[in-house]
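I have placed the structure first, in the form of structure tokens, so that the comments after it can refer back to it.
Protein chains in written order, with the numbering used here: chain A, 5 to 870; chain B, 104 to 345.
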């Protein structure tokens with residue numbers, strides 16, 4: 005039974021019977037009965053089985069995990085056999101969550117302690133939080149008297165594994181709880197944790213792992229991620245407790261504007277805020293999600309301005325750029341029910357207890373079914389409540405997208421997450437840590453690494469290259485003392501610590517979250533705000549840009565500070581851009597494609613308007629207004645061009661003053677489109693010896709060129725080639741590769757953030773990394789950390805796997821290509837044209853780039869020079 | 104070969120300037136040992152500066168065949184201690200240049216404070232500045248102003264120090280290229296050279312606040328030449344601001 009669903013549900017009597025009387029009484033008095041997740045999970049954990057619990061927030065998940073553990077600790081304590089060591093490690097991705105959990109555990113423990121005292125018994129179970137914020141004095145006392153339950157983060161547990169004295173306390177840890185595992189599994193923090201879990205398991209092979217997850221798919225993969233492998237091939241056993249849809253779901257898409265085309269920006273804003281205000285006023289407490297941080301502030305300001313007095317003091321903005329104190333104060337007031345509304349980006353997506361919320365409003369599409377459920381799940385934070393969400397959409401693509409999203413949510417179809425694998429930068433960091441802690445043979449180390457889900461298929465060659473990098477073998481022999489991070493004896497195969505500062509360097513530089521680069525914007529000595537680092541690079545003297553709704557003229561930069569002056573009457577010369585927009589999930593995209601096909605067929609068969617509208621209403625469980633709007637949108641596309649769908653890739657060609665545009669209606673999400681478009685553009689640029697401009701969004705992409713583009717030829721070449729090889733070349737001089745390389749080099753400790761007492765600013769890291777990438781390319785274009793940056797771009801940032809799948813479908817003829825010439829873009833292409841403008845990518849290398857720019861300048865100055 | 108002249112008789116030769124009347128090649132800002140400085144800050148960049156400068160310099164020397172090479176400051180990076188390996192690199196570089204040119208002139212840069220004993224051993228001396236009569240030009244590193252007679256007399260100044268570069272911008276993309284600049288300092292003509300450093304390209308004169316006291320004025324009128332595989336004339340800076 006390696007990985008299987010837990011079918012048996014235990015009765016409350018059975019569970020109570022397994023419990024220590026003190027815990028049983030407390031449970032009965034406090035709750036009376038168990039929740040669904042608890043009925044499935046507690047006895048599993050009681051018998052030390054690995055368990056993954058997936059259920060919405062507020063269904064007693066945490067206690068389901070802790071009940072059996074508390075039970076055992078109470079029993080041990082009562083008979084005086086509770087030792088001074090850590091029994092249970094609880095890991096959560098959020099520091100904020102740690103304090104919540106500590107409070108939630110101390111409550112029953114205090115009650116039980118008091119109960120016991122009345123009976124003349126002594127029960128003393130210690131709980132402690134250990135994160136980056138924990139003061140030194142507390143750490144020291146933890147070392148002397150270790151907590152029985154340790155609450156920590158993925159980063160801190162990695163540090164503790166390398167703390168020689170504290171590690172002793174961890175050696176016999178029996179339980180490991182990973183909370184919000186869905187949020188960890190999809191990024192490198194999770195990859196990092198997966199190796200720490202293996203290191204813990206190595207200390208105590210009997211370790212029982214418990215995972216807590218929100219609504220997510222594929223749940224079996226998350227279970228495998230949680231438990232890892234027990235040998236070369238098989239995963240460890242795991243029981244999955246799946247009570248994902250215990251709550252009722254009330255979710256509706258609303259469009260505040262009737263006519264989504266003939267409408268001014270002011271009208272849109274007016275209707276949007278009127279609707280939003282109406283929703284907030286109808287409910288007690290509303291949580292509003294936006295997709296970006298800047299939008300969060302904007303919404304709060306608009307509400308305050310448009311409805312003077314109504315929101316003063318009872319509305320708050322909550323996002324990661326807001327200061328910690330301010331965030332905590334908002335959370336606190338929210339819990340106490342003192343706020344009418346809170347507007348946030350992603351910061352309140354995860355499970356800190358935020359009290360009673362009766363409505364969640366999503367502004368714009370949440371882009372994935374799981375995210376929608378996760379966000380809406382923040383409402384009705386009590387058992388048996390219905391969760392209630394409203395999605396406000398402002399354009400027709402969003403309307404279609406969210407309507408299908410709602411259908412999938414109601415039908416319990418979830419989109420799948422992507423779990424990164426074989427990340428060589430994280431591996432390097434961990435091996436460095438292991439080498440500090442002990443002398444270990446490379447064979448044993450390789451085995452240990454391959455027990456992690458994320459490295460189960462790691463090629464030996466990659467592993468060897470990481471060892472070679474860590475041993476400093478990319479430098480000359482005489483400088484190896486500078487570059488070598490570990491001691492590595494190739495003769496015997498043993499690795500170990502190198503240098504006396506290794507431990508300090510490790511402790512101060514560990515982690516996988518890249519420092520976010522923020523540029524300080526100043527007028528004289530006064531700081532007025534912050535900008536994205538990537539934005540700074542594009543600024544030129546005299547440029548006018550907007551920040552927090554105000555316009556400024558750029559004067560000059562010095563490091564990571566820029567000087568500006570107000571520029572009230574001048575229009576911005578440079579548009580703002582959102583660096584990382586939420587991408588549409590591939591699975592949801594495919595659902596929309598399927599819907600498009602169904603409608604396309606109906607139009608082709610000449611079905612009547614009424615019939616089609618009824619079909620839409622029935623299919624997507626939506627109201628008549630929504631169905632009619634969708635009908636009109638599709639009808640226009642059908643009449644003017646053709647409806648693209650999962651069996652038909654529509655390619656439309658348009659010529660205008662700017663050049664030739666080719667629109668590819670590939671509705672597969674921008675992660676797939678990013679990969680497809682760059683690869684195709686690269687092929688096209690080679691075919692035409694011309695530059696290709698790329699614009700993308702979730703619904704498709706556009707290639708633009710001065711020359712005529714041989715679409716069929718380029719597509720057929722792409723079908724015959726391995727997309728990875730094409731894409732790799734297309735990415736070589738790209739901004740995204742440079743940016744991701746900085747992150748990878750920092751994780752792999754090629755750039756140390758903290759070194760010899762100095763902290764390196766992001767600016768410095770950034771400058772260092774651009775020097776580093778050039779130098780590394782010159783010594784070895786396939787250097788393992790550079791290769792990891794490419795992998796991260798292609799597999800994590802983009803979606804190479806599904807892009808490959810789309811090409812496969814084209815090759816097999818499952819997708820037909822149809823080319824049409826149009827005088828203007830079709831309705832479905834409007835948004836790709838409009839939104840894509842801010843995201844142009846040129847496919848040419850550094851050398852061709854200067855040549856092209858030179859030709860432009862020569863034209864302007866009249867061919868002088870050279 | 105199509106020559107790019109910044110002034111009559113002064114041609115751009117890759118990253119250097121060639122003074123035809125003097126048969127002299129000027130290069131600047133090699134910053135040998137730059138990686139060691141980065142190592143000390145916790146950046147483990149592989150050592151390529153020496154190797155790559157040598158390679159590029161060789162083709163410059165073979166192309167121009169100069170009688171003398173003028174190093175316009177900052178041969179060596181770093182102010183503090185110098186390791187044995189770094190000494191070796193400096194010596195090796197000077198030996199290497201001597202194979203091609205019979206005379207080497209060193210001009211003092213802000214980083215060269217401790218080169219004294221070493222260059223003495225090679226029989227060289229370090230000048231603060233060098234006046235070239237044939238051009239009425241003064242060559243100086245450019246980190247500080249000069250009060251000399253020659254300075255007053257000079258019609259043209261040739262400086263380095265700034266590591267001048269230009270970031271060409273299009274949409275989200277910015278690529279940085281080393282560049283020469285030509286403009287005015289008071290009534291004198293001013294030429295700014297890029298660095299020879301192979302690790303770092305330089306600082307973007309379109310964006311950064313400049314360091315040299317010679318470059319505190321408005322630069323829109325300055326002309327620029329970008330250097331990559333060859334030299335590209337890009338006209339006045341004002342064209343590039345927009």
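Glycine included, each C-beta is placed from N, C-alpha and C at the ideal position.
The C-alpha of residue 225 of chain B lies about 39 Å from the C-alpha of residue 270 of chain B. Spanning the alpha carbons of residue 136 of chain A and residue 179 of chain B requires a straight line of approximately 41 Å. In the DSSP assignment, residue 864 of chain A falls within the unbroken alpha helix (DSSP H) covering 850 to 865. Look at the segment 106 to 189 of chain B and you find these whole runs of beta strand (DSSP E), each 3 residues long or longer: 107 to 110, 113 to 116, 119 to 122, 127 to 130, 171 to 175. The beta-bridge partner set that DSSP reports for residue 293 of chain A consists of A/348, A/366. Only those residues of the segment 745 to 761 of chain A whose C-beta falls short of 9 Å from the nearest C-beta of chain B are listed: 749, 753, 754, 755, 756, 757, 758, 759, 760. Residues are counted here when their Cβ sits less than 7 Å from a Cβ of chain A; for the segment 299 to 314 of chain B these are 302, 303, 309, 310, 311, 312, given in chain order. By the criterion of a C-beta distance shorter than 8 Å, residue 185 of chain A is surrounded in its chain by 56, 194, 215, 216, 217, 226, 229, 230, once the five residues flanking it on both sides are discounted. In the three-state DSSP reduction, residue 51 of chain A falls in the coil class, being neither helix nor strand. When the five nearest sequence neighbours on each side are left out, the beta carbons in the same chain lying within less than 6 Å of the beta carbon of residue 126 of chain B are those of 169, 170, in order along the chain. Judged by their CB atoms, residue 562 of chain A and residue 548 of chain A are not nearer to each other than the 8 Å cut-off.
Residues of the same chain with a CB within less than 7 Å of the CB of residue 587 of chain A, apart from the 5 flanking positions on each side, are 371, 673, 674, 675, 702 in chain order. Between the beta-carbon of residue 727 of chain A and that of residue 793 of chain A there is about 18 Å, and that puts the pair past the 8 Å contact cut. The C-beta of residue 37 of chain A comes no closer than 8 Å to any C-beta of chain B. Residues of chain A whose Cβ lies closer than 7 Å to the Cβ of residue 149 of chain B are, in chain order, 478, 479, 779, 780, 783. Going by DSSP, residue 191 of chain A is part of no beta strand (DSSP E) at all; its letter is neither H nor E. The beta carbon of residue 337 of chain B sits closer than 8 Å to some beta carbon of chain A. For residue 483 of chain A, the C-beta contacts it makes with chain B under 7 Å involve 150, in order along the chain. Under the Cβ criterion (8 Å, minimum of three pairs), the segment 409 to 427 of chain A counts as touching the segment 623 to 640 of chain A. The residue from A/75, A/401, A/430 with its alpha-carbon nearest to that of residue 117 of chain A is A/75.
In this structure, B/297 is the residue among B/204, B/311, B/297 with its C-alpha nearest to the C-alpha of residue 133 of chain B. Look at residue 121 of chain B: its C-beta is not under 8 Å from any C-beta on chain A. Residue-level contact check: residue 141 of chain B touches chain A, since one or more beta carbons of chain A fall below 8 Å from its beta carbon. The C-alpha of residue 850 of chain A lies about 7 Å from the C-alpha of residue 737 of chain A.
Within the segment 704 to 759 of chain A, the complete alpha helix (DSSP H) segments of 4 residues or longer fall at 715 to 724, 727 to 735, 739 to 751, listed in chain order. Relative to residue 288 of chain A, the option among A/328, A/52, A/392, A/633 whose CA is nearest is A/392. With respect to chain B, the C-beta atom of residue 772 of chain A has a partner C-beta closer than 8 Å.
Collapsing the DSSP output to three states places residue 112 of chain A in a helix.
Boundaries of the alpha helix (DSSP H) harbouring residue 79 of chain A: 65 to 82, taken from the DSSP string. Interface residue (Cβ-Cβ distance to chain A less than 8 Å): residue 344 of chain B is classified as such. A Cβ of chain A is located within less than 8 Å of the beta carbon of residue 332 of chain B. Residue 273 of chain A carries a helical assignment under DSSP once its states are collapsed to helix, strand and coil. A Cβ-Cβ contact shorter than 8 Å links residue 175 of chain B with residue 263 of chain B.
Legend: CB atoms of the segment 198 to 214 of chain B lying less than 8 Å from CB atoms of chain A are not found in any residue. Counting the other Cβ atoms within 10 Å of the Cβ of residue 832 of chain A gives 16 or more, which makes it buried.
Around the Cβ of residue 447 of chain A, a 10 Å sphere holds fewer than 16 other Cβ atoms; the residue is exposed.
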